[in-house]
Amino acid sequence: MQNKKNNTVGPEKFKQLRPSKQANYFRTDKSYGQHFLTDKNILQQIVAGGEIAPDDFILEIGAGEGVLTCELSKASKNVLSLEIDQRLFKILEEKFSASSNVKIKNEDALKLDPQSLPESYKIISNIPYNITSKILEKFLTASNQPTLIVLLVQKELAERVCAGEGDKSFLSVLVQYFGEPKILKVVSRFSFSPPPQVESAILKINNITRRLKESDEKIFFQLVKIGFSQKRKMLKKNLKSFLDEKVILSGFKEARIDLNARAEEISLEKWLILAKNVFKKE
215 MQNKKNNTVG PEKFKQLRPS KQANYFRTDK SYGQHFLTDK NILQQIVAGG
265 EIAPDDFILE IGAGEGVLTC ELSKASKNVL SLEIDQRLFK ILEEKFSASS
315 NVKIKNEDAL KLDPQSLPES YKIISNIPYN ITSKILEKFL TASNQPTLIV
365 LLVQKELAER VCAGEGDKSF LSVLVQYFGE PKILKVVSRF SFSPPPQVES
415 AILKINNITR RLKESDEKIF FQLVKIGFSQ KRKMLKKNLK SFLDEKVILS
465 GFKEARIDLN ARAEEISLEK WLILAKNVFK KE
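Okay, so the sequence shown: first residue is 215 according to our numbering, each after it adds one.
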């Protein structure tokens, strides 16, 4: 068996390793939600979902021990991999020291300014599950949005993001407002080391864009957040803290929303109609 020292001398040596062996060398930190992907087929499917052209700029969040980084580096000339864990960062620096197309940063993705990235970039990551919602909101709402996102996430979250009318959440409205989410594949928990308690899924968000001007967009998401603030209450009751009742009734009528409806029953299209009715009254 190769020892740890030989396994970390450079990217070429690392590419020859089975990820499951490499993952066993590192004690994971639960505070960072670390679960290392060990199934190469899943790695390749994540990369394929990213539709990577050689000149695409790829942002990887939570590089871990670099197994996905290796696959990304084969497809793109420009890979920026972020790793918050100082111990892993040092391992990554050594592994990719000879790779001119990979830049490793010891940085928290939640503190990264999207304006520091190129105008066109893609996010492709096996993301720490405990920050998935925050990452999606941060980068989708940014002035400099990614053109495409492919993430390995908790299956339950992926299903929530893709939910249709009747099972909506604030997160599903947010993601579907900006792009088109799709589950590419459900991934067994035994594809990781250590195995998480839940199944995972490859989530792809394509055709990312904006539907409203920035000032209206802020009002739209304020409206949606208030709508979901107390899910057991009817939507109109939640909105009374934000809107005049006449505006609510007028908007409900125009969007064809039942007066007894709850937020999770409202489609994105109806939210947009309701919001546009609010814009008219301002």
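For each residue, glycine too, the CB sits at the ideal point set by N, CA and C.
Under the criterion of beta carbons closer than 8 Å, residue 415 and residue 367 qualify as touching, at roughly 6 Å. In the DSSP assignment, residue 368 falls within the unbroken beta strand (DSSP E) covering 362-368. Distances from the CA of residue 334 to each of 317, 358, 456 were compared; the closest alpha carbon is that of 358.
Assignment of beta-bridge partners to residue 400 by DSSP yields 415. Beta bridge pairing from DSSP links residue 406 with 251. Residues 306, 309 of the same chain have their beta carbon placed closer than 6 Å to that of residue 280, with the five preceding and five following residues left out of the count. The beta carbons of residue 482 and residue 387 sit about 6 Å from each other, so the pair counts as a contact at 8 Å.
The C-beta distance from residue 417 to residue 469 rounds to 28 Å, too long to meet the 8 Å contact threshold. Between the alpha carbons of residue 251 and residue 343 lies a distance of about 13 Å. Note on residue 407: 16 or more other CB atoms within 10 angstroms of its CB, so buried under the neighbour-count rule.
By the neighbour-count definition (other C-beta atoms within 10 Å, threshold 16), residue 269 is an exposed residue.
Bounds of any alpha helix (DSSP H) do not take in residue 319; it lies within the beta strand (DSSP E) bounded by 316-319. Straight across, the Cα-Cα distance linking residue 349 with residue 317 is about 20 Å. In chain order, 225, 293, 310, 313, 315, 316 place their CB closer than 8 Å to the CB of residue 287, counting only its own chain and leaving out the 5 sequence neighbours on each side. In the structure shown, the three-state DSSP call for residue 310 is coil. Under the DSSP assignment, residue 456 falls outside any beta strand (DSSP E); it carries neither an H nor an E label.
In the three-state reduction of the DSSP assignment, residue 452 falls in the helix class.
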